[in-house]
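Here's the structure we're looking at; comments come further down.
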Amino acid sequence: MMILHLINQSPFQNDNLNTCLRFIESPDSLLLIENGVYGALQKNPCCDLLQSLSKTTQIYALQPDVLARGIHEKLLPYVKQISYTDFVALSVSHHAVQSWL
Numbered sequence: 002m003m004i005l006h007l008i009n010q011s012p013f014q015n016d017n018l019n020t021c022l023r024f025i026e027s028p029d030s031l032l033l034i035e036n037g038v039y040g041a042l043q044k045n046p047c048c049d050l051l052q053s054l055s056k057t058t059q060i061y062a063l064q065p066d067v068l069a070r071g072i073h074e075k076l077l078p079y080v081k082q083i084s085y086t087d088f089v090a091l092s093v094s095h096h097a098v099q100s101w102l
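So this is what it looks like as structure tokens:
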């Protein structure tokens, strides 16, 4: 079953991203939204886990949130920025959506 995992809080704020990364399995996807996009920064507490995960899982960041925080030039190279329209398409294409609060 494909699950879209949503992270909306910064990895500098809590451990939600780290916890989520322990449960994601292929072919799940990860989408970073709101302050969760800080998890896509080149220097963050979960870089090593994200890099390993990127080999089997798609990792996305919501582009409007990335741009609003001025971090678009500092993202990990394997994180794909997507639009709100893409967010909706991802939600529809997965069997379930799991928000990590």
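Count the sequence shown with this note's numbering and you get residues 2 to 102, in order.
We put the beta carbon where it would ideally sit given N, CA and C, even for glycine.
Just so it is clear, the structure is predicted and the values come from calculations on it, not from any experiment.
Where do the ends of the beta strand (DSSP E) carrying residue i lie?
| i | result |
| --- | --- |
| L33 | 30–33 |
CB-CB under 7 Å to residue i, same chain, minus the five flanking residues each way: which ones, in chain order?
| i | result |
| --- | --- |
| T58 | I25, S27, D29, S30, L31 |
| S104 | Any answer about residue 104 is impossible in this case: the structure gives the chain only from 2 up to 102. |
| M2 | H96, A97 |
Looking at residue i: is its Cβ nearer than 9 Å to the Cβ of residue j?
| i | j | result |
| --- | --- | --- |
| A62 | V89 | no |
| I83 | Q64 | yes |
| Y79 | S100 | no |
| K44 | I60 | no |
Measure the alpha-carbon distance for residue i versus residue j and round it to whole angstroms.
| i | j | result |
| --- | --- | --- |
| A41 | S94 | 22 Å |
| K75 | L68 | 11 Å |
| Q14 | P46 | 10 Å |
| I146 | H96 | Only positions 2 to 102 of the chain appear in this structure, which leaves residue 146 out of reach. |
| S11 | T86 | 23 Å |
Tell me which same chain residues have a C-beta within less than 8 Å of the C-beta of residue i, skipping the five on either side of it?
| i | result |
| --- | --- |
| I8 | N17, L18, C21, L31, L32, L33, I34, G37, G40, W101 |
Skipping 5 residues on each side, what residues in its chain have a beta carbon closer than 6 Å to that of residue i?
| i | result |
| --- | --- |
| L50 | L22 |
- Query: What are the start and end residues of each continuous alpha helix (DSSP H) run of 4 or more residues lying completely inside the stretch 18–102, in chain order?
  - Reply: 48–54, 64–69, 85–94
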